[in-house]
Amino acid sequence: MNTPANIGILAPHKSASCVHAMQRLQAECARVGIIACEIKDIESALDMPGAPSLVLCLGGDGTMLAASAEAARHGIILGGINLGHLGFLSACGREEIALLVQALADGTYEVEERTMLEVIRRGTASSSVKPHLALNEMALMRAQTGKMVDVDVEIDGRLLNRYHADGILVATPTGSTAYSLSAGGPLVWPNAGVICLTPICPHSLTNRSVVLPDSVELIMRPRERRGRAGESLLYSLDGRRIHPIALNDTLVIRKARQPLNLLSLPAGDYATRLRVKLGW
């Protein structure tokens, strides 16, 4: 891989540990001749002279999820230095900053392509201006906690099931270790060409997670539940961006054309990561 001339640093939470990690990162980058500048967000960084082709996030998985859509849209390599808890997406922890920077300088770092979901809302008055992107999952549910949804799910235009559940999740392989796992979905290897459809607390015990090839197109059609047409629904992307949806709207979910280019250290071992992060 090419050594980046400059990198951007995203650090939304200015805790003492974050400030210390940034100072160390910038010092290590200066040592090997890489310019490392803090940026507000990826969109604004693209307008800077010498826009970075690689952005490092200081924080946890939430920090990386917040930046993943713009990174994928613009082909920016995204990496993370974990200052949080699990850190499934991060390339390393704070104690490995020097190792990471040396890999950047030597060009020995690796870039993994991670599937993104493209979510399009179609309706009379609420159609999306542009498709939404999600790295982990899209979740459809009632706006009022504790209420169930009735949703028809079609696969390539053919009805699969009408789900009665607290909600419905569509997850990527990357997202299989997040909300989908908590909802009973399977663990999926990051480079597997699949997506997972998982009902959240389904009313029928026969409704289980379904693993589908990532070439399919899913369509979700919310239905009125027992005459309660006034109750609102919403869908969330990576648990961060939340959008309303009406009963006469539909959601189209498919694999996005743009993958996320995720930075990793050389010889990364996902089996070891699972064992460590999940406490096996």
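Each residue of the sequence shown is one higher than the one before, starting from 0 at the first, in numbering that gives the first Met the number 0.
Virtual Cβ for every residue (Gly too), placed ideally from N, Cα, C.
#1: Would P189 pass as a contact of E111 if the rule is Cβ separation under 8 Å?
#2: DSSP has R280 in a bridge; who is on the other side?
#3: Assuming C195 and S208 form a contact by the criterion Cβ under 8 Å, report the distance between their Cβ atoms to the nearest whole angstrom.
#4: Whole-angstrom Cβ separation of M115 and A255, contact assumed at under 8 Å?
#5: Would you tell me roughly how many angstroms separate the C-alpha atoms of D40 and E94, rounded to the nearest one?
#6: Would you list, in sequence order, the uninterrupted beta strand (DSSP E) runs of no fewer than 3 residues that lie entirely inside the segment 69 to 117?
#7: Would M140 be called buried (16 or more neighbouring beta carbons within 10 Å of its own) or exposed?
#8: Residue range of the beta strand (DSSP E) that V152 falls in?
#9: Quick one: Cα of C91 to Cα of G156, how far?
#10: Use the C-beta contact count for T144: other C-beta atoms within 10 angstroms, 16 or more gives buried, fewer gives exposed.
#11: Report the option in G122, V148, M63 and I154 whose CA atom is closest to the CA atom of A133.
#12: Restricting to Cα atoms, I'd like to know which of P11, L159 and N1 is closest to A66.
#13: Using a threshold of 8 Å, state whether the C-beta atoms of L82 and C17 are closer than that.
#14: Please report how far the alpha carbon of E27 lies from the alpha carbon of A35, in whole angstroms.
#15: Taking the beta carbon of M147 as the centre, do at least 16 other beta carbons fall within 10 Å, making it buried, or is it exposed?
#16: Quick one: complete beta strand (DSSP E) runs, 3+ long, within the segment 148 to 222?
#17: So, using beta-carbon positions, are A290 and G7 closer together than 8 Å?
#18: A138 by DSSP, collapsed to three states: which one?
#19: Keeping to the same chain, check which residues put their C-beta closer than 8 Å to that of I33; ignore five residues upstream and five downstream.
#20: What separation, rounded to the nearest whole angstrom, lies between the Cα atoms of G142 and L186?
#21: Please work out which residues of its chain come closer than 8 Å, Cβ to Cβ, to G183, disregarding the five sequence neighbours upstream and downstream, and give them in chain order.
#22: Going by DSSP, name the residue or residues bridged to E37.
#23: In three-state DSSP terms, what is R240?
#24: When DSSP builds the beta bridges, which residues end up paired with N260?
#25: At the level of alpha carbons, what is the spacing between M219 and V118?
The answer reads as follows:
#1: yes
#2: Because residue 280 is not part of the residues shown, which for the chain are 0 to 279, the question remains open.
#3: Contact holds; Cβ gap of about 6 Å.
#4: Taking C-beta atoms under 8 Å as the contact rule, M115 and A255 qualify, at a distance of about 4 Å.
#5: 25 Å
#6: Taking only runs of at least 3 residues, the beta strand (DSSP E) segments lying wholly in the segment 69 to 117 are 76 to 81 and 109 to 113.
#7: buried
#8: V148 to I154
#9: 42 Å
#10: exposed
#11: M63
#12: P11
#13: yes
#14: 9 Å
#15: M147 should be labelled buried.
#16: 148 to 154, 157 to 164, 166 to 170, 193 to 199, 209 to 212 and 217 to 222
#17: Only positions 0 to 279 of the chain appear in the structure, and residue 290 is not among them; the question remains open.
#18: Reduced to three states, the DSSP call for A138 is strand.
#19: T2, P3, A4, N5, I6, V100, L103 and A104
#20: Checking the displayed sequence, the identity of residue 142 turns out to be Ala instead of Gly. A142 and L186: Cα-Cα distance of roughly 28 Å.
#21: T197, R207 and S208
#22: I8
#23: DSSP places R240 within a strand segment (E or B) once states are collapsed to three.
#24: I76 and E112
#25: 11 Å
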